[in-house]
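The opening residue of the sequence shown carries number 168 in this note's numbering; numbering runs sequentially from there.
Scroll down for the structure; my scribbles are underneath it.
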Amino acid sequence: AEIRRETDHLKRVLEDFLLFARPGTARATEVALEGVVRRAAADPALEGAAVELHRLSADIPSLLGDEQLLEHAFRNLLRNAVRAQSESGRDDPIIVELGRDAETLFVRIEDRGAGLPEEIGERLFQPFVSGFRGGVGLGLAVSHRIVTLHGGRLRLLNRTGGGARAEVVFPTGGFVTNRNE
168 AEIRRETDHL KRVLEDFLLF ARPGTARATE VALEGVVRRA AADPALEGAA
218 VELHRLSADI PSLLGDEQLL EHAFRNLLRN AVRAQSESGR DDPIIVELGR
268 DAETLFVRIE DRGAGLPEEI GERLFQPFVS GFRGGVGLGL AVSHRIVTLH
318 GGRLRLLNRT GGGARAEVVF PTGGFVTNRN E
């Protein structure tokens with residue numbers, strides 16, 4: 168079981184590295200963001216962690232984007248949330264909120280881990296910078312790049328009362344293709 172877990176980890180690191188290294192391009196199709204988030208939450212790498220999805224808006228429009236890239240970004244964000252809680256000895260459910268307002272679609276992922284290390288700050292989006300002991304530091308860099316490629320914004324915040332929140336915001340009318348970072 169340990170060999171399998173390490174093999175899966177190395178596979179994810181390689182996938183992240185290859186995604187980060189390739190030029191910023193995406194295939195634009197109509198994507199149901201809720202479905203992308205649900206599939207990411209069902210990732211076996213989350214090792215059975217509880218994820219609660221709260222739909223805050225009745226009407227969530229589709230987004231123009233690359234479904235596989237978006238799913239990869241959300242898997243990375245969810246894995247980080249699960250790891251943060253696990254390292255803090257917490258087993259609370261990860262809370263995912265999906266909603267919209269007049270101009271944006273948003274996804275918030277909240278954990279009850281130790282929160283974000285202040286000394287690292289925005290550098291967490293740089294490759295090979297990690298807030299985890301022994302972390303590779305590619306997951307957030309890849310997620311940030313994917314979200315930016317889709318015309319969106321990714322922010323990381325400490326939560327009042329402990330833990331962290333990742334906020335992904337997409338303009339409802341926006342998508343960018345063949346954009347190099």
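Note that the Cβ used here is the ideal one computed from N, Cα and C, for glycine as well.
For THR327, the three-state secondary structure derived from DSSP is coil. Only residues of its own chain outside the window of five on either side were considered, and among them ASP233 have a CB closer than 6 Å to the CB of ARG194, listed in chain order. The straight-line gap separating the alpha-carbon atoms of ARG312 and LEU291 is approximately 12 Å. Under the DSSP assignment, LEU265 falls in the beta strand (DSSP E) whose first and last residues are 261-267. Less than 9 Å divides the Cβ of LEU223 from the Cβ of GLU264. Contact check for VAL309 and ASN247: beta-carbon distance about 11 Å, past the 8 Å limit, so the pair fails to qualify.
Counting along the chain, GLY306 sits inside the alpha helix (DSSP H) bounded by residues 306-316. Taking each of ASP210, ARG322 and ALA216 in turn and checking the Cα distance to ILE262, the smallest one comes out for ALA216. The beta carbons of HIS317 and LEU237 sit closer together than 9 Å.
Taking GLY319 as the centre and dropping the five residues before and after it, the same chain places the C-beta of VAL335, VAL336 and PHE337 closer than 7 Å to its C-beta, in chain order. About 16 Å separates the CB atoms of ALA331 and GLY256; that is not less than 8 Å, and the two are not in contact. In this structure, the alpha-carbon of ASN325 lies about 22 Å from that of ARG267. In the assembly as shown, GLY328 is an exposed residue. Its beta-carbon has fewer than 16 other beta-carbons within 10 Å. Ranked by how close their Cα comes to the Cα of ARG205, the residues ALA212, GLU214, VAL218 and ASP259 have VAL218 in first place. Within the segment 225-291, the complete alpha helix (DSSP H) runs of at least 4 residues fall at 234-254.
In this structure, LEU213 and VAL249 form a Cβ contact; the two beta carbons are roughly 5 Å apart against a cut-off of 8 Å.
Contact between LEU230 and VAL274 does not hold, since their C-beta atoms are separated by about 10 Å, which reaches or exceeds 8 Å. CA-to-CA, the gap between ASP278 and ASP259 works out to about 8 Å.
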